[in-house]
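Everything on this sheet refers to the single structure shown next.
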Amino acid sequence: MILTNPISASEVGTLWLTYQEKTLIMRILEYFIKKADDDESRNILGGLWQELHYYILEIEKIFKQQGVAIPAGFKKEDVNLEAPKLFDNGFDIMFLRILKEVSMGMYTINMNMAYNDDVMQIYEGLTTVTHKIYKLATLFLLQKGILTLPPKVTMPKTTEFIESKKYMSGFNPFHSKRAINDIELGFLHHGIESNNIGMQLMSGFAQCAQNKEVRKYFEKGKELAKKQIKIFQGILLDNDIQISATSGSTVTTSTTAPFSDKLMMHCVTYLNGFCIVGNSFGTFFTLRNDISLKITLLAKDIYFYGQEGIEIMIKHGWFEEPPQTEDRNKLINNN
7 MILTNPISAS
17 EVGTLWLTYQ
27 EKTLIMRILE
37 YFIKKADDDE
47 SRNILGGLWQ
57 ELHYYILEIE
67 KIFKQQGVAI
77 PAGFKKEDVN
87 LEAPKLFDNG
97 FDIMFLRILK
107 EVSMGMYTIN
117 MNMAYNDDVM
127 QIYEGLTTVT
137 HKIYKLATLF
147 LLQKGILTLP
157 PKVTMPKTTE
167 FIESKKYMSG
177 FNPFHSKRAI
187 NDIELGFLHH
197 GIESNNIGMQ
207 LMSGFAQCAQ
217 NKEVRKYFEK
227 GKELAKKQIK
237 IFQGILLDND
247 IQISATSGST
257 VTTSTTAPFS
267 DKLMMHCVTY
277 LNGFCIVGNS
287 FGTFFTLRND
297 ISLKITLLAK
307 DIYFYGQEGI
317 EIMIKHGWFE
327 EPPQTEDRNK
337 LINNN
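Taken in order, the sequence shown gives residues 7 to 341; the numbers are from my numbering.
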């Protein structure tokens, strides 16, 4: 690959962030591949590792051609392949599926900020890989009975239009709350599903983290995930909707860390960002104002939790600085 023209600042930034995320995922995959006891899951994990390895090399080529320092990212020392299993019963593919959900959103944003054809080809390729792996993971989990479907509802037989602003009311004590619609149900179910995985992830990370401050941070994250699950489940129960069973994935009793504290902290930071964006998206399409307010308040908690995590990483020297624009005032004052 030979770039015909320089890449822009936005492309340097998105490629840098992609490099960070993909090297992190590759280290996680290496551990899951080593510990996999199912041939099909090992093939899914291994296939993704091969695909990501190719695109990591492509990004490194662009950085070298453009004279950009290759990021540190995440190296072999960030994963302990000899550590015992920390998660069991299909958690590897469940977590992989969540990671691919994050990637879908990231590639859309990255493509919107790409202007160079070769850079766009990277995101087109990664998008194709993500869709393929997400589908394989979903079908695998359904086949194994680990992933449950959202609740079934009566199919609409007619087309209707909203006739009153009461449709949005959730706070007015003089009006009964309407039943939640299918769009709202979908977001609530997805929130329960993803936070269930997040709760297990935080539990596993907390019991093996080396740093006491990091351990407490993961414990706090576990409680935040439980809080979201309770709120979403409560809304469904209030609407007489049967709650889907949680996945059969489990956290083992191992206290040996498979990953560095740095990697685990960054992993949680990426998922926090995804959760904030997902909640914002859900708020926009949620028309009952009591539900949208609850989601907004949760987004605030997630935001401050994420900021606390970044402060911890900066404190311990784990947060690599992104490429910077020139500080013109500093250059002028130093002259």
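We put the beta carbon where it would ideally sit given N, CA and C, even for glycine.
Around the beta-carbon of L337, fewer than 16 other beta-carbon atoms lie within 10 Å, marking it exposed. Around the beta carbon of Y173, a 10 Å sphere encloses fewer than 16 other beta carbons of the protein chains shown; the residue is thus reported as exposed.
The bridge partners DSSP lists for D94 are T256.
Distance from L54 to L30 at the Cβ level is roughly 13 Å; contact not present, criterion being Cβ atoms closer than 8 Å. The residues V74, P329, in chain order, have a CB closer than 7 Å to that of V18 in the same chain once the five nearest residues on each side in sequence are set aside.
Comparing alpha carbon positions, the residue from M270, I203, K183, S175 closest to D246 is K183. Relative to the Cα of S16, the nearest Cα in the group L207, M117, N187, I186 belongs to M117. Of the other Cβ atoms in all chains shown, 16 or more fall within 10 Å of the Cβ of E199; this residue is therefore buried. For Q313, the uninterrupted alpha helix (DSSP H) run begins and ends at 295-321, by DSSP. Take the alpha-carbon of T259 and the one of L92: they are about 7 Å apart.
In summary, D84 is buried, with 16 or more beta-carbon neighbours lying within 10 Å of its beta-carbon over all protein chains present.
For A212, the uninterrupted alpha helix (DSSP H) run begins and ends at 188-214, by DSSP. With fewer than 16 other beta carbons inside 10 angstroms of its own, Y121 counts as exposed. Take I189, set aside five residues on each side of it, and the residues of its chain with a beta-carbon closer than 6 Å to its own are F291, in chain order. Collapsing the DSSP output to three states places V74 in coil. For V108, the secondary structure class from DSSP, reduced to helix, strand or coil, is helix.
R294 and G176 have their alpha carbons spaced roughly 6 Å apart.
In the displayed model, V159 falls within coil according to three-state DSSP, outside both helix and strand. In the three-state scheme derived from DSSP, where H, G and I count as helix and E and B as strand, F101 is classed as helix. Secondary structure note for W22: its alpha helix (DSSP H) is the uninterrupted segment 15-41. Looking at the DSSP output, F325 bridges to nothing. Between the segment 231-250 and the segment 310-328, the count of C-beta pairs closer than 8 Å stays below three; the two stretches do not touch.
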